[in-house]
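A short write-up of the structure that comes next.
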Amino acid sequence: MSGAKQPATSRPRTGARVAAVQALFQSESSGDSAETVIDQFVKHRLGDDPLAHPDDGGFDNGRVPEAHVPLFAAIVRGAAKQGDAVDAAILAHLAPGWPMHRLDPVLRAMFRAATFEFLAGGEPPARVVIKEYMDIAHGFFGGEEPRFANGVLDALARHFRPGEFGT
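The UniProt record's numbering puts the first residue of the sequence shown at 1, with every later residue one more than the last.
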């Protein structure tokens with residue numbers, strides 16, 4: 001993660017996606033349920049209330065000041081609830097023989113969040129989902145990971161929403 005910038009969170013829906021990636025990462029690493037992690041985030045990490053969190057410097061301390069909470073919760077719940085289908089889809093779009101556990105945990109969380117959005121269909125368009133998660137990838141990684149992420153996200157989007165790509 002060296003050389004990475006912090007993900008921009010000036011847009012509430014982008015903030016929701018950043019928080020969803022963090023929450024999915026936390027859920028996997030701690031073993032806590034999606035509902036437990038959602039509750040923790042809503043109570044302690046989302047929003048920008050300096051009176052409630054006077055010692056908290058914002059994003060650098062794990063907070064996401066601007067996040068659309070309903071979108072955040074929907075992504076985390078959906079990715080967790082459809083976990084087997086989400087992971088199978090991701091695995092199908094990795095190089096043959098590349099197991100999920102070899103992915104960086106942040107990339108794994110990001111792919112899970114994005115894949116759920118592709119599966120859910122509707123809005124936003126797939127290209128918007130890709131752009132949002134690419135912004136997140138560039139925020140967390142400074143090396144080759146964003147390029148790898150772009151390839152996987154593009155393949156997933158084309159798989160789940162082929163009509164949006166004219167193929």
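Even glycine gets a Cβ: it sits at the ideal position worked out from N, Cα and C.
Straight-line gap, residue i to residue j (C-alpha atoms, nearest Å)
i: residue 172; j: Val152; result: Beyond the ends of the chain as shown, which are 1 and 167, falls residue 172; an answer cannot be given.
i: Ala19; j: Glu144; result: 23 Å
i: Thr36; j: Ala92; result: 29 Å
i: Gly97; j: Pro146; result: 21 Å
i: Leu71; j: Thr14; result: 10 Å
i: Pro12; j: Lys81; result: 23 Å
i: Val86; j: His44; result: 28 Å
i: residue 178; j: Asp39; result: What is shown of the chain runs 1 to 167, which leaves residue 178 out entirely.
i: Gly139; j: Ala88; result: 26 Å
i: Met100; j: Ile90; result: 8 Å
Residue i, buried or exposed, once every other Cβ within 10 Å from all chains shown has been counted against 16
i: Ala16; result: buried
i: Thr137; result: Note on residue identity: the sequence assigns Ala, not Thr, to residue 137. Counting Cβ neighbours within 10 Å, Ala137 comes out buried, since at least 16 surround it.
i: Val129; result: buried
i: Ala73; result: buried
i: Phe165; result: exposed
Check whether residue i and residue j have beta carbons under 9 Å apart
i: Ala114; j: Val76; result: no
i: Val21; j: Val42; result: no
i: Leu46; j: Ala79; result: no
Residue i Cβ short of 8 Å to the ligand GTP heavy atom set
i: Ala19; result: Ligands displayed in this structure: none; no statement on the ligand GTP is therefore possible.
Segment contact, 8 Å Cβ cut-off, at least three pairs: the segment 108-115 with the segment 21-37: Verdict: yes, contact present.
Touch test, the segment 112-119 against the segment 150-166, Cβ-Cβ under 8 Å, three pairs minimum: yes
Segment contact flag, the segment 96-104 with the segment 119-133, C-beta cutoff 8 Å, min 3 pairs: no
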